[in-house]
Structure formats: structure tokens, C-alpha cells
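Everything on this sheet refers to the single structure shown next.
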Amino acid sequence: MRKNTPIFSSDTTGILLLLFTHEPMLIQSLAAWYPQNVPRLLALDRELCWMLLADFGTELYHHPNKTAWEKALEVYCQMQVAATHRIDSLFAVGCLDRRLHILATQIDPLLNDEDVLADLNRNEIEQLRAHGPQLKTMGHQLANYAIPQTLVHGDLHSGNIAVQNDNYIYFDWTDCCVAHPFFDVLTFLENVDDPVERIRLRDTYLVQWIDYATIEYLIEVFPLSQILATIHQAVSYQHMVANMEGTSKQAMRGGATYWLRILLQLLAASV
């Protein structure tokens, strides 16, 4: 049985709401919409936010057939596309609103959070703060593209995907929200080292969105989305840092540090 513990305070001014407590109810709804691709819920305690799930199968990370990674990304993207028609329903079951206009309000608080930035050196901090206005502009640019904001897992990687009887099951939805869909590709590709394979997987994902734009247009916008995806990840860790103590707090700060350094790398590469 899995317990979900609330760690974020509730607020409506650009601050993340409770992150973990909504997962059992969200799983219940996702399972109704995507019965082949979400863990089967065996038991649920709404008051305690506990749930019991059926066995998932083998994690994608350990799957011997690497073509399964391509199929897993394709199926997941199809879920996202379908979810563009369920935004109100997603919010109703507790999915967080982390769309681009909200992300824009979180950039300055993130880059001025001394606790979150504690493991970065002075030069890194100065670079990040100098890029603050540019990051906000990037958010506005990304919002102007035709891609709808929709279901985002928030921690989509090969360790959170299982393969069972040729079905792909996506689990650990604690970071689930409504945001820019391409944000999930950032974490999925983290475990893919081969640059050729990364491009192939990227294109497999992007082609699912051709009803909204040409593949050339989608490839053009993709790097912009990945830069902002690092901010999305860092904000998640920021709020965990603010609500944890001891070694757990240090571990969460390490997550923020990691993504902020990836951000600097992506910004440097985009010049």
C-alpha cells in the first residue's frame, strides 16, 4: 500500500498546491480514461490518501527490447493528446495548474531563493539571475505556439513506466499537472545517452502532434520547451526543499541544483 503525504501549502498566487495528496483520486480517474495504461487501483482511502495498486510488471528501464522505449513514448503522447479535451476534469480531480502563465510568476522567486541556490557557486547564481527576463520571454514565446497545454506526468522516465502483456503502464503520478506537454520529454530522455537515439525518440514523440503543427515547426519549438522544462522541474524541487528537513531537504536541494545546471547548459547551447 502506498501512502501520499501532503508537503506543499495551499495557495493561489503562483505557488504550487498540495502535490502528493491528489494522486489516489487522480489514478482513479486516469484508470477510467486509460484503463490499459494506468495502474489498477485495488483499494483507496480518500481520508488518509492511501491506495493499493495491482502489480505493474517489468520497468521499461530493464526491458531488453529498446524499441519498447519508442512505443512507450508514443502511447504516452497519445494519452496527452486525448487529455487536451479533459482539462476541466483534470483540475476537478486535483491535477495542479502549472501552465506557462503560472510558470512565469515562479521564475523570480526560484532564482532568488537562497535555500534552493545554496549548492550553486556565485558565478552560476549570477548567470541564472541574469537570464531571468529572458526565461520569462521564452515562456511567452512558447505559449504563442499552437501546442495545447495538457496532462503532464511531471516525472516521466523509464523507471516510472512498466511493460505488462504489451501494455505500457505509467505510474508514480505525484507530480501530475496541466502544463506544456513537451516538458515530460526532458525527463524521459535523461536515461538515453545515444544522441541519435535521442533524436529518434524526440521525433517519435513530436509526430503525434502534427494535427497542431508541421513536424518542422514542432522541431523548431522543441528546444525552447526543454529549457523551460528545467525551470518546471526546479520549481517542483523548490517547494519540496521548503517543506522538508535534514537529509531529505538536502536531497531535494540536490534535485533543484541538478536541473538549474542543466538549464545553464541548455541556455549556453542555444546561443
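Yeah, the sequence shown ends on 273 if you go by my numbering, and it's all consecutive.
All C-beta atoms in this analysis are idealised placements derived from N, C-alpha and C, irrespective of residue type, glycine included.
Go through its chain and collect everything with a Cβ distance to S31's Cβ below 6 Å, but skip five positions before and after it.
Locating residue 31 in the sequence shown gives position 29, counting from the first residue. Correct list, in chain order: V95.
To the nearest angstrom, how far is it from the Cα of P66 to the Cα of A106?
Reading the sequence shown from its first residue, position 64 is the one you call residue 66. Reading the sequence shown from its first residue, position 104 is the one you call residue 106. In a straight line, the C-alpha of P66 is about 41 Å away from that of A106.
At which residues does the alpha helix (DSSP H) containing L137 begin and terminate?
To locate residue 137, count along the sequence shown from 1; it is residue 135. For L137, the uninterrupted alpha helix (DSSP H) segment begins and ends at 134-146.
Using only the alpha-carbon positions, how far apart do R131 and D168 sit?
Within the sequence shown, numbered from 1, the residue matching residue 131 stands at position 129. Within the sequence shown, numbered from 1, the residue matching residue 168 stands at position 166. So the alpha carbons of these two residues sit roughly 46 Å apart.
State yes or no: is the C-beta of P41 within less than 9 Å of the C-beta of I149?
Numbered from its first residue, the sequence shown carries residue 41 at position 39. Numbered from its first residue, the sequence shown carries residue 149 at position 147. Cβ distance not < 9 Å, so P41 and I149 don't count as in contact.
Cutting at 6 Å between CB atoms, please list the residues of its own chain near E114, excluding the five before and the five after it.
As a working mapping, residue 114 is identified with position 112 in the sequence shown. Before going further, note that residue 114 is Asn rather than Glu in the sequence given. Cβ neighbours of N114 beyond the five flanking positions: none.
For V118 and V273, I'd like the C-alpha separation in whole angstroms.
Stepping through the sequence shown from its first residue, residue 118 is reached at position 116. Stepping through the sequence shown from its first residue, residue 273 is reached at position 271. Rounded to whole angstroms, V118 to V273 spans 26 Å at the Cα level.
Since I believe Q240 is in contact with L112 (beta carbons under 8 Å), could you give me their beta-carbon distance rounded to a whole number of angstroms?
In the sequence shown, counting from the first residue as 1, residue 112 sits at position 110. In the sequence shown, counting from the first residue as 1, residue 240 sits at position 238. In this structure L112 is in contact with Q240, their Cβ atoms being roughly 6 Å apart against a cut-off of 8 Å.
Cβ of I221 within 9 Å of Cβ of L208?
For the purposes of this step, residue 221 is identified with residue 219 of the sequence shown, where counting begins at 1. For the purposes of this step, residue 208 is identified with residue 206 of the sequence shown, where counting begins at 1. Taking a C-beta distance under 9 Å as the contact criterion, I221 and L208 qualify as a contact pair.
Do V83 and T189 have their beta-carbon atoms positioned less than 9 Å apart in this structure?
Taking the first residue of the sequence shown as position 1, residue 189 is located at position 187. Taking the first residue of the sequence shown as position 1, residue 83 is located at position 81. For T189 and V83, no; Cβs fall outside 9 Å.
Under 8 Å, with one C-beta from each stretch per pair, do the segment 140-148 and the segment 59-74 reach the 3-pair mark?
The segment 140-148 vs the segment 59-74: no contact.
Local Cβ density within 10 Å of T232, reported as buried at 16 or more and exposed below that
Along the sequence shown, one-based indexing puts residue 232 at 230. When all chains shown are included, T232 counts as buried.
Are the beta-carbon atoms belonging to A145 and H87 less than 9 Å from one another?
Within the sequence shown, residue 145 is the residue found at index 143, counting from 1. Within the sequence shown, residue 87 is the residue found at index 85, counting from 1. Not closer than 9 Å, so no.
Pick from I109, Q129, I201, C97: whose alpha carbon is nearest that of R263?
The residue labelled residue 263 in the question sits at position 261 within the sequence shown. Closest in alpha carbon position to R263, among I109, Q129, I201, C97, is Q129.
Given a cut-off of 9 Å on the beta-carbon distance, is the pair R204 and V187 in contact?
Within the sequence shown, numbered from 1, the residue matching residue 204 stands at position 202. Within the sequence shown, numbered from 1, the residue matching residue 187 stands at position 185. Yes. Within cutoff.
In chain order, what residues of the same chain have a beta carbon less than 7 Å from the beta carbon of A258, not counting five sequence neighbours either side?
By one-based count along the sequence shown, residue 258 stands at place 256. Correct list, in chain order: V118, A236, Y239, Q240, V243.
First and last residue of the uninterrupted beta strand (DSSP E) at Q166:
Translated into positions along the sequence shown, residue 166 becomes position 164. For Q166, the enclosing beta strand (DSSP E) begins and ends at 163-166.
Is V279 near F173, with beta carbons less than 9 Å apart?
Nothing about residue 279 can be read from this structure; the chain reaches only from 3 to 273.
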